[in-house]
Amino acid sequence: MKLLNEPSLLLLTLGLTTEWSTAFQHQTPALSRSSQAFVNSELAASSNPLGVAFGKIFQPSSSSSSSSQTPSSFSSKRLCRARALVKSLVEEDKCFSTDEGAIAFGNVCAINVVYEDCFEPQPIVGKAAVTEYMLDKVAKRKGSGDTRIDRISDGDTACGFAWTWVTEKEEGLRGTTFVQLNSNGEIQYVREIPEPLFKPGDATKSLLEAITQDAEPRPKPDYKPKSPTIANELAKYLFIDVQGADVSEAMRFFDDSIVYRDFNYEEALRTKDEVQTFIEDFSFPGIEFRPDRFDDGIDSTCFTWDVCLDGQEDTIKGVSFYELDPESRKITYVRDVPESAMKPAPLGGLARNLRPGLGVFQGVPIGSRPGGK
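Mapped onto our numbering, the consecutive letters of the sequence shown carry residue numbers 77 to 449.
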């Protein structure tokens, strides 16, 4: 067994180790009629006459969103094929709780799809392997409970959704999933991360400071101030252009009604002052935030990222969901989910075995966390 030094133990506590899982083989039949009917109806509601589902696959728009258009008018006219596909699979076919739905999910995957479930030690690669994996996920739920979409971004080529495991009377495990389509409208990439059951809270900052204590400050990036009002462009501005160079610049994009849920903590942040303190607390040398994939959402957006720590080979994988107020175009909701270190996480694995419908040891009354808050 590999012995861990102090930094390695700290990394384990924070969920910073990345490993990968095995693949399986299985054949995939067609998307179910109920799913196809749901998607066709949603796409037909668009003002774009070409917004239909062709042969169970969705053709993403080749044009990117433009910040010169008003978000409300643009969002009402554009197609959201990624969102339509995900909603159909999760809500209509119930791909996480029924065999039929799991098979339907596999059918709309690309032949070389990558499903990065960060609860597992390895990604699942390939259409047949992902179908088998989805069937295995259904089997492990043991016919108990379903997955509820709490929030979903209005993405066309990609989207993300915040979810909760629910039973008839309780709700439990929460998480976020990012889904990206290829040019043929097939699912090309998925990253799914459940909340860690052990949340270190304020100890996170102390542990990170201990790991990066010898890091040298880097020059702050130069950026041109902008005022994006489209969700995905706002996220790119904050995490590609500004990169934490100016906390006050980031804070002007948060609405007074902000609810910021970081799953390193038990409770959400609910004021701008709390959010500012949180950002300032993690603004020290040795931490590099690397955004990876963004969806093209207008009113809300989801994106994947890695956090790199000075002197460490492993990274923390994560996914974030941002939602804007329709009027102010400022951020009203954030959900950040970091991966766990050990895969499967011991507490998470035990909870799923004991309560397969909820995925946690103790659920809360159904409806007590509106919007997954």
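Glycine residues also receive a C-beta, built at the ideal position from the N, C-alpha and C atoms.
Our two residues, L211 and T174, have alpha carbons roughly 8 Å apart in a direct line. Between G261 and G435, the C-beta spacing is not below 7 Å. Taking 7 Å as the cut-off, the Cβ atoms of T252 and V395 count as close.
Of all C-beta pairs linking the stretch 189-198 to the stretch 156-173, fewer than three are shorter than 8 Å, placing the two stretches out of contact. In this structure L155 is not in contact with V184, their Cβ atoms being roughly 16 Å apart against a cut-off of 8 Å.
The stretch 337-388 is shown to contain whole beta strand (DSSP E) runs of 3 or more residues at 363-370, 376-385, in chain order.
Taking the Cα of T288 as reference, the smallest distance to any Cα among D338, R217, G362, E389 is reached at G362.
By the Cβ criterion, the stretch 213-230 is not in contact with the stretch 294-305, since fewer than three pairs of Cβ atoms, one from each stretch, lie closer than 8 Å.
In this structure A238 is buried. Its beta-carbon is surrounded by 16 or more other beta-carbon atoms within 10 angstroms. With a cutoff of 7 Å on beta-carbon distance, N308 and G236 are scored as not near each other. For D278, there is no enclosing beta strand (DSSP E), as DSSP marks it with neither H nor E. Residue pairing of R224 in beta bridges, as defined by DSSP: T240. Going by beta carbons, V266 and Y336 fall outside the 7 Å limit. Ranked by Cα distance from V166, the first of I228, K218, D232, A215 is I228. The Cβ atoms of A321 and D386 do not sit closer than 7 Å to each other.
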